Amino acid sequence: MAGSPSCAGRNDHCFPEVITTMTRLLVLPAAVLFCSGATMVYAADSGEKDIAAGGLMDVYYGINFNHPVSRVSQLRNFDVAAGQFSLNMLKLSLERSARPAGFRIDLGFGKAFDIIHGSELSPSAVRNIEQAYVSLKPRGAGGLQLDFGKFVTSAGAEVIETHANWNYSRSILFAWAIPYYHAGLRATAPIGRFTLGTQLTNGWNNVEDNNPGKTLGLTASYSVGPLNWSHTYYAGPEKSGENRGRRHLYDTTLLAGSRRASFYLNFDYGLERGAAAGDAAWYGVAGAARLALNERIALAPRLEWFRDRDGFSTGTPQTLKEFTLTGEYKFAEGYLARLEYRRDWSNKAFFDRGADPACAKSQSTLLAGFVVVFSAR
Numbered sequence: 004m005a006g007s008p009s010c011a012g013r014n015d016h017c018f019p020e021v022i023t024t025m026t027r028l029l030v031l032p033a034a035v036l037f038c039s040g041a042t043m044v045y046a047a048d049s050g051e052k053d054i055a056a057g058g059l060m061d062v063y064y065g066i067n068f069n070h071p072v073s074r075v076s077q078l079r080n081f082d083v084a085a086g087q088f089s090l091n092m093l094k095l096s097l098e099r100s101a102r103p104a105g106f107r108i109d110l111g112f113g114k115a116f117d118i119i120h121g122s123e124l125s126p127s128a129v130r131n132i133e134q135a136y137v138s139l140k141p142r143g144a145g146g147l148q149l150d151f152g153k154f155v156t157s158a159g160a161e162v163i164e165t166h167a168n169w170n171y172s173r174s175i176l177f178a179w180a181i182p183y184y185h186a187g188l189r190a191t192a193p194i195g196r197f198t199l200g201t202q203l204t205n206g207w208n209n210v211e212d213n214n215p216g217k218t219l220g221l222t223a224s225y226s227v228g229p230l231n232w233s234h235t236y237y238a239g240p241e242k243s244g245e246n247r248g249r250r251h252l253y254d255t256t257l258l259a260g261s262r263r264a265s266f267y268l269n270f271d272y273g274l275e276r277g278a279a280a281g282d283a284a285w286y287g288v289a290g291a292a293r294l295a296l297n298e299r300i301a302l303a304p305r306l307e308w309f310r311d312r313d314g315f316s317t318g319t320p321q322t323l324k325e326f327t328l329t330g331e332y333k334f335a336e337g338y339l340a341r342l343e344y345r346r347d348w349s350n351k352a353f354f355d356r357g358a359d360p361a362c363a364k365s366q367s368t369l370l371a372g373f374v375v376v377f378s379a380r
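Under the numbering used here, think of the first position of the sequence shown as 4, with each following residue one higher.
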């Protein structure tokens with residue numbers, strides 16, 4: 004579930020943040036590219052082929068037809084800005100496959116990184132690190148892999164990186180039902196057509212834990228031919244300073260398809276025990292398809308229903324629906340553009356319109372996004 008940190012008013016107190024951002028622009032790419040170059044030289048000399056550097060740049064321009072004075076599109080995740088050009092993400096990655104030891108680190112900045120770390124106790128310490136973990140795959144252990152560090156969540160049908168999804172905008176379920184990442188230990192192992200896993204982490208979206216308790220995660224997926232069915236369950240205390248009242252999340256995704264046509268169904272159910280007004284629940288379902296018209300052009304519709312019964316997730320007890328239609332054009336390998344129309348509905352007056360807050364029951368947006376993905380593989 005997302006927060007949306009911003010520098011209000013763009014006044015003088017924002018200047019240090021601008022300097023910090025400019026520093027990141029220079030230091031992060033230089034550091035990762037230096038490490039990448041050294042690693043690639045090592046790979047060439049040693050014969051290793053499992054070390055790679057890569058990254059992406061993701062920018063967009065969005066229009067909100069409610070024309071809110073805040074220039075913020077509500078309920079969105081990452082594509083929150085309206086009426087302005089925006090840098091969603093610039094990211095660089097470095098990875099070595101676990102044979103038997105390895106690691107992965109993803110560094111970057113942009114609005115997505117700010118939103119991802121909105122609930123951290125010390126966001127400045129980790130805001131530029133999407134993932135950072137070491138891996139161990141012991142020989143003779145049947146494919147068992149152990150990862151220790153910070154890693155993205157196993158829940159959800161979508162991921163943080165735009166190009167790996169079918170739509171540009173993220174679903175309501177991605178934004179308001181599930182976590183982004185965890186810090187701790189995870190283990191996965193293939194068993195026939197199944198892949199089973201367990202995790203022990205600090206909780207939802209926190210490297211620095213906010214209580215002494217830990218969150219347990221259980222994962223399972225089944226694959227046969229073009230079909231994959233995955234399940235994720237998380238349970239643990241998430242309130243600051245106390246272990247009473249656990250948060251539960253069950254997520255399942257059914258994915259099937261081919262090069263030409265694919266679809267998924269995603270269901271989430273969340274429960275927070277002992278919330279301020281009693282137990283709070285949120286749940287919903289999303290379905291999407293991707294139709295490749297040819298090697299360059301694809302269409303991706305998405306339809307979704309979400310119930311925030313007690314207002315724990317979005318801040319308002321409401322039922323939400325959204326429809327999204329995305330057109331994609333691939334200029335070349337790693338270069339793609341998306342044009343997307345989306346309409347959100349609520350059964351409450353939730354959306355801003357003009358200078359009037361929370362006066363509209365719907366919101367329509369149009370967005371053009373451009374993503375460049377590069378890899379040293």
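Heads up, the beta-carbon is just placed ideally off N, CA and C, and yes, glycines get one too.
All of these numbers come straight from a predicted model, not from anything done at the bench.
With 16 or more other Cβ atoms from the protein chains shown falling within 10 Å of its own Cβ, D82 counts as buried. Put simply, of S243, Y253, F334 and L257 the residue whose alpha carbon is nearest the alpha carbon of V227 is L257.
If you ignore the 5 residues before and after H70, its C-beta comes within less than 6 Å of the C-beta of G357, all in its own chain and listed in chain order. Counting along the chain, D117 sits inside the alpha helix (DSSP H) bounded by residues K114 to I119. P141 counts as exposed, since fewer than 16 other beta carbons sit within 10 angstroms of its beta carbon.
8 Å or more divides the Cβ of G239 from the Cβ of T222. Look at V62 here: in three-state DSSP terms it is strand.
Contact holds between the region 87-103 and the region 53-64, because three or more Cβ pairs, one in each stretch, are under 8 Å apart. DSSP places I175 in the helix class (H, G or I) of the three-state scheme.
In the DSSP assignment, A128 falls within the alpha helix (DSSP H) that extends over P126 to V129.
A289 sits buried, since 16 or more C-beta atoms from the chains shown fall within 10 Å of its C-beta. Looking only at F151, G121 and R74, the smallest Cα-Cα distance to R107 is reached by F151.
For C362, the CB contacts under 6 Å within the same chain, skipping 5 residues up- and downstream, are A352 and R356 in chain order. Rounded to the nearest whole angstrom, the C-alpha separation of S367 and F266 is 24 Å.
Nearest in C-alpha terms to L230, of all of K242, G260 and N297, is G260.
Contact between the region 277-295 and the region 194-213 is absent, with fewer than three C-beta pairs closer than 8 Å.
Burial check for A301: the Cβ neighbour count within 10 Å reaches 16 or more, so the residue is buried.
Contact check for L176 against F309 passes: the beta carbons are separated by less than 8 Å. Linking N205 to G216 through their CA atoms gives a straight-line distance of about 7 Å. Taking V162 as the centre and dropping the five residues before and after it, the same chain places the C-beta of V155 and N168 closer than 8 Å to its C-beta, in chain order. Relative to G220, the option among N246, L268, R102 and A158 whose CA is nearest is A158. Of the candidates A335, V137 and E331, E331 places its Cα closest to the Cα of T165. Annotated as distal: G121 and M92, with beta-carbon spacing of 8 Å or more. Going by DSSP, H251 is part of the beta strand (DSSP E) stretching over R249 to G260. Shown here, T317 sits in coil according to DSSP, grouped into three states, outside any helix or strand.
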